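Trainee: Have a look at this one.
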Amino acid sequence: MSGNHSIVIQAPGKAEIVEAPIPKLREDYLIVKVAAVALNPTDVLHIDTFAPVGARVGCDYAGTVEEIGPKASKAFKKGDRVAGFAHGSNALHHEDGTFAEYITVKADLQLGIPDSISFEEAATLGLGVVTAGQALFQSLDVPYLDNPATEAGPHLRRQHGDGIAGYPKLGVDVVLDYHSNTVVEDIKKHAGAGQLKNVLDCISTEATAKICVNAFGEAGGVYSALRFVPEELVSAINDKKFVADTEKLLAEGKLVPHKPTVDEGGSGLGGVLKGLDLVREGEVSGTKLVYHI
């Protein structure tokens with residue numbers, strides 16, 4: 001391994017590319033050479049709001065294994081293709097971000113990438129998969145994959161952004177524009193009057209919360225957002241089992257990555273900084289920004 005560069009928070013609202021040491025290998029972690037990273041709104045939120053100065057930014061990635069910690073129980077080997085997430089902008093462990101050439105990630109929570117999925121596609125999976133798992137199987141209490149419901153339950157409907165080609169392949173029934181003045185009525189129309197019982201709000205602003213609440217029937221329902229959650233919820237799911245089940249679904253083609261937009265504004269860490277500005281300005285909708293590193 002040669003040198004390393006990373007995007008590091010310098011001050012509130014400011015992150016720059018700097019030379020940074022290759023992370024130290026912890027006992028149950030991996031060192032990964034990054035091939036691609038994906039951007040999330042939380043990356044901008046941490047730079048602009050929480051701003052732990054000195055912390056490396058970034059959560060989602062895909063790459064190849066360079067080193068394996070001695071207490072990693074998952075059977076990775078050098079050269080394996082992996083994807084997943086790290087706790088980017090970590091105030092306690094500054095070296096944990098993924099917007100870098102070499103990164104450190106907790107071994108047993110990373111996904112092996114099947115041959116059918118590219119680095120660019122795999123980079124989109126990390127936070128999205130984990131967020132969906134926590135929201136569906138914890139806060140919304142949907143029966144888990146190996147314990148399906150024995151009787152019909154309430155329908156799940158999706159609040160999403162602008163419609164784009166390819167959603168049927170992802171298993172989506174209906175796509176509605178949350179900017180529409182009629183979105184509440186449209187949700188009720190597709191869900192059935194008074195039938196909407198569970199909502200996962202993937203945007204989680206005051207405006208979208210009002211949309212979700214108003215879409216419920218008179219009996220109300222369960223609303224789940226993506227902001228802060230109680231610690232007991234985060235630890236309730238069997239993380240290792242969930243990762244193993246996710247790998248199986250990917251290999252079987254039952255879980256399909258969202259189509260990425262690659263190198264918008266340029267490749268590398270410089271492109272990532274431009275992409276973060278696009279996210280900050282609200283210019284990204286219906287896609288995931290991915291950058292080659």
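Here the sequence shown is numbered in the UniProt record's numbering, starting from 1 and rising by one per residue. C-beta: ideal position from N, C-alpha, C; glycine also. In this text the structure is predicted, and so the values were computed from the model without any measurement.
Please work out which residues of its chain come closer than 8 Å, Cβ to Cβ, to T287, disregarding the five sequence neighbours upstream and downstream, and give them in chain order.
Mentor: Only I164, H258, K259, P260 and T261 meet the Cβ criterion.
Trainee: Looking at I293 and V129, is the spacing between their C-beta atoms short of 8 Å?
Mentor: no
Trainee: For the 8 Å Cβ check, are there 3 or more pairs between the region 21-31 and the region 95-102?
Mentor: yes
Trainee: Looking at D60 and V37, is the spacing between their C-beta atoms short of 8 Å?
Mentor: yes
Trainee: Which same chain residues, not among the five before or five after A225, have their C-beta less than 6 Å away from its C-beta?
Mentor: The residues are D201 and S204.
Trainee: If I follow the unbroken alpha helix (DSSP H) through E185, where does it start and stop?
Mentor: V183 to A191
Trainee: Please determine, among L278, A207, Y144 and K189, the residue with the shortest C-alpha to C-alpha distance to G217.
Mentor: K189
Trainee: By DSSP, does T124 sit in helix, in strand, or in coil?
Mentor: coil
Trainee: Are G79 and L111 closer than 8 Å when you measure CB to CB?
Mentor: no
Trainee: On the DSSP bridge list, what partners appear for E281?
Mentor: Paired residue(s): none; E281 is not in a bridge.
Trainee: Run the CB neighbour count on F50, radius 10 Å, all protein chains shown included, and call it buried at 16 or more, exposed below.
Mentor: Exposed, because fewer than 16 other Cβ atoms sit within 10 Å of the Cβ of F50.
Trainee: What separation, rounded to the nearest whole angstrom, lies between the Cα atoms of L30 and G126?
Mentor: 15 Å
Trainee: Does the Cβ of E120 have 16 or more other Cβ atoms within 10 Å, making it buried, or fewer, making it exposed?
Mentor: buried
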